[in-house]
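Residue numbers (our numbering): 12 to 196. In this text, a Cβ means the ideal position worked out from N, Cα and C, and glycines have one as well. What follows is a short report on a single structure.
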Amino acid sequence: MEAHQVLSKKGFNVRSFGSGSMVKLPGPSIDKPNIYDFAVTYEQMYTDLIKKDKTMYTQNGILHMLDRNRRIKAKPERFHHCYDKFDVIFCCEERVYDQVVEGKAFCIFDITKLLNRSPTDNTPVHVINIDVQDNHEEATIGAFLIYELALTMLQCDDLDNEIDEMLQEFEHKTERTLLHTIAFQ
Numbered sequence: 012m013e014a015h016q017v018l019s020k021k022g023f024n025v026r027s028f029g030s031g032s033m034v035k036l037p038g039p040s041i042d043k044p045n046i047y048d049f050a051v052t053y054e055q056m057y058t059d060l061i062k063k064d065k066t067m068y069t070q071n072g073i074l075h076m077l078d079r080n081r082r083i084k085a086k087p088e089r090f091h092h093c094y095d096k097f098d099v100i101f102c103c104e105e106r107v108y109d110q111v112v113e114g115k116a117f118c119i120f121d122i123t124k125l126l127n128r129s130p131t132d133n134t135p136v137h138v139i140n141i142d143v144q145d146n147h148e149e150a151t152i153g154a155f156l157i158y159e160l161a162l163t164m165l166q167c168d169d170l171d172n173e174i175d176e177m178l179q180e181f182e183h184k185t186e187r188t189l190l191h192t193i194a195f196q
């Protein structure tokens, strides 16, 4: 959501989606996450966690994250329920990217496989992964890297033909490894 916020503030038309069947937030222990349906609003999650343990969820940053999220949009979304087309899809974790590329995820992309329909016009979509650790500091850094990458892509005259070289230059400049593939929607 940090990338969503940054890109949105910079004027990009952006959406963000979850990669699982439920929203999972850290709980009191690794084997006891807080699990919510995608219909639950960020406000409801925030209120629930305050009731459960305000101190713990403040200290671990979850309340701060939910506060930011509820200012961006009302609730999380699953891509599996989205029929929109996209020019570029950014993943922030290689596991999610792999699921997307393999068509196994209820997540950020392969509309064709996930929704069991044929591509309508074979519009290409670039799927790019940049690994971002799941903490506030890295999310902020990752958001600005994604913004820089999106801005560079926007400046391409022919993205489909220029993207490989552009991604290589970005990797060299940022010392971050990117994954990239093209799919059709």
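(request) Tell me whether the beta-carbon of P37 lies closer than 8 Å to the beta-carbon of N71. (result) yes
(request) Would you kindly check if the distance between the Cβ of K43 and the Cβ of Y158 is under 8 Å? (result) no
(request) Starting from N80, follow its DSSP beta bridges and name the residues at the other end. (result) Its beta-bridge partners do not exist; DSSP assigns none.
(message) Just to confirm, is the Cβ distance from M12 to I83 under 8 Å?
(response) Yes.
(request) Give me the Cα-Cα distance between I139 and F195, rounded to the nearest whole angstrom. (result) 14 Å
(message) Under DSSP, the beta strand (DSSP E) around A50 begins and ends at which residues?
(response) Here A50 belongs to no beta strand (DSSP E), and DSSP marks it neither H nor E.
(message) Strictly by DSSP, which residues pair up with N140?
(response) C102, L190
(request) Give the secondary structure of F97 by DSSP, where H, G and I count as helix, E and B as strand, and everything else as coil. (result) Here F97 sits in coil by DSSP.
(message) Could you compute how far the alpha carbon of N172 sits from the alpha carbon of H137?
(response) So the two alpha carbons sit approximately 12 Å from each other.
(request) Could you pull the start and end residues of the beta strand (DSSP E) that V34 belongs to? (result) 34–36
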